[in-house]
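Start counting the sequence shown at 14; every next residue gets the next number (my numbering).
Each remark here refers to the structure printed beneath this line.
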Amino acid sequence: MVLQDTFRHQGLRKKLIEEIKKKGITDRKVLDAIYEVPRHLFMDKAFLEYAYADKAFPIEAGQTISQPYTVAFQTHALDVFKGAKVLEVGTGSGYQAAVLAKLGAWVFSIERHKVLYEKTKKLLSSLGIDVNCFYGDGFKGLPPFAPFDRILVTCGAPHIPEELLKQLKPGGIMVVPVGAGVVQEMTSILKKGDGDYEIHALGKFRFVPMLEEKS
Ligand code: SAH
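Below is the structure:
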């Protein structure tokens, strides 16, 4: 694969940013990060014409690269700051992880599909994007690296994953689409200092399911 990012790609990304803005995301830092990540390099090159449409798209192993609007929405909801230690569940194509890295986050990402884990780890490293990739079950999180400032789940969780709440720092935020059916409720959870949680429902989205165990 030739890892090229041309003026044409950049122009297409500018248009994509306008589209995402129209849909209500105005967070400048998030929009800039999306502009900086060449999404076409995270998809098979035969699909270039789709790379900058605001749509999810199939990748390996029956999974999808998230829709850019969804990536922007989740990233904004996560309220990432420079140096934040972030756990992403569902590395998939690596696109969301790359956007988090562009925002200056210290990213740990976990994927249960071995082929995807291997392919994406290689891709991110060849692009010089600093993401720590792990092969494992996101329901279990990454205990040796916990606690995290932020946790982002990018697959539809049947319920709020308990173990992940434990791996969140006090004052930390987890964003997770919750729902066992085809539609999930984007949920933001703030872990308060007193150990209590503040939970907000942010709207309906569609994700591939979060599944137990590795594959
Ligand atoms: N963040 C990705 C989205 C990929 S789709 C991107 O930007 O492209 C969601 C991913 O979650 C899939 O790759 C799927 O294999 C993975 N997944 C599902 N259940 C999981 C689990 N329990 N642990 C880790 N990854 C999981």
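A virtual CB, placed ideally from N, CA and C, is assigned to each residue, including glycine.
Item: Which whole-angstrom value is the C-beta distance of A85 and I33, which I expect to be below 8 Å?; Value: 5 Å
Item: Roughly how many whole angstroms lie between the Cα atoms of A97 and F60?; Value: 33 Å
Item: Closer than 6 Å to a non-hydrogen atom of ligand 1 - does that hold for the CB of E124?; Value: yes
Item: In chain order, what are the residue ranges of uninterrupted beta strand (DSSP E) at least 3 long that sit wholly in the stretch 82-138?; Value: 98-102, 119-124
Item: Along the chain, where does the beta strand (DSSP E) containing L181 start, and where does it finish?; Value: 181-191
Item: For T133 and S106, I'd like the C-alpha separation in whole angstroms.; Value: 6 Å
Item: Return yes when at least one heavy atom of ligand 1 lies under 6 Å from the C-beta of Q197, else no.; Value: no
Item: Would you say the beta carbon of Y108 comes nearer than 6 Å to a heavy atom of ligand 1?; Value: yes
Item: With 16 as the cutoff for other CB atoms within 10 Å, does P51 come out buried or exposed?; Value: buried
Item: With distance defined between alpha-carbon atoms, name the residue in I202, D207, V221 nearest to H213.; Value: I202
Item: What does the alpha-carbon distance come out to for the pair K179 and T200?; Value: 17 Å
Item: Considering only residues of the same chain and omitting the five flanking positions on each side of H126, which have a CB-CB separation below 6 Å?; Value: A74, S228
Item: Check whether the Cβ of Q76 lies closer than 6 Å to any heavy atom of ligand 1, and answer yes or no.; Value: yes
Item: Is the CB-CB distance between I173 and G151 below 7 Å?; Value: no
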